[in-house]
Amino acid sequence: MKTITFNQKNFKEIIQTLKLGGVIIFPTDTVYGIGTLISNEKGIKKLFEIKNRPVDKPFQVLISDLKQIQLFAKETNQTAKELIKNHWPGPLTLIFKKKAEVLNVITANKDTIGLRMPDHPLLLKLMKKTGPLVVSSANLSGNKPPTNPEEVKIEADLLLNGGKCKIGQSSTIIDVSNNKPIILRNQPRL
């Protein structure tokens with residue numbers, strides 16, 4: 001696996017890799033993630049293989065702009081709006097009812113989708129150029145997620161070395177797809 005420094009100088013190579021159906025490993029504010037373009041089914045299939053991920057386990061989508069929520073979510077209720085206002089960008093994944101046009105392979109045929117806007121300025125800048133990414137943590141399913149490049153134990157087309165993640169634990173997950181929010185994973189950093 002090729003390792004490069006995660007900086008703007010390397011954006012061209014990163015974007016080219018993604019456009020060709022590649023999978024990248026990259027730092028976020030929480031843990032190292034692994035992902036591909038949401039528009040590339042080849043990359044999504046590769047992501048399943050690398051992660052050794054069961055097909056009934058959904059991926060999440062990282063976005064770089066609040067306007068992108070409407071591409072994936074049927075609606076944004078008041079609870080979701082408050083959480084977004086107070087915690088995005090940041091270590092919070094929100095589960096919404098998904099729009100019909102969202103690929104079922106991303107959501108494991110569920111009627112919901114997990115969205116997150118990470119608090120990582122360089123990653124957000126990259127995604128402004130690439131669009132949303134289908135992602136997971138950069139570990140084999142069930143193992144502890146890495147918080148620095150040295151802990152990454154899986155292979156991808158590119159490893160973007162951005163040093164240690166500032167939070168060092170996975171995001172909190174809250175399901176806002178119904179009127180009553182449900183905390184699915186609670187992390188103390190939120």
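Going left to right, the sequence shown walks through residues 1 to 190 as UniProt numbering numbers them. We put the beta carbon where it would ideally sit given N, CA and C, even for glycine.
Whether residue i touches residue j by CB criterion (8 Å)
i, j, result
"Thr172", "Asn186", "yes"
"Met127", "Ser64", "yes"
"Gly22", "Leu123", "no"
"Val135", "Ile34", "yes"
"Lys74", "Lys110", "no"
"Val176", "Leu83", "yes"
Neighbourhood of residue i by C-beta distance below 6 Å, restricted to the same chain and skipping five residues each side
i, result
"Asp119", "Asp29, Pro89 and Gly90"
DSSP three-state assignment for residue i, whether helix, strand or coil
i, result
"Gln187", "coil"
"Leu83", "helix"
"Lys2", "strand"
Residue i, buried or exposed, once every other Cβ within 10 Å from all chains shown has been counted against 16
i, result
"Pro132", "buried"
"Phe141", "Per the sequence shown, the amino acid found at residue 141 is Ser instead of Phe. The residue is exposed, with fewer than 16 neighbouring Cβ atoms inside 10 Å."
"Leu115", "buried"
"residue 208", "Here the chain comprises residues numbered 1 to 190, so residue 208 is not present and cannot be evaluated."
"Ala100", "exposed"
Alpha-carbon to alpha-carbon, residue j and residue i
i, j, result
"Leu92", "Met117", "8 Å"
"Leu94", "Met1", "32 Å"
"Val31", "Thr107", "21 Å"
"Lys12", "Leu37", "15 Å"
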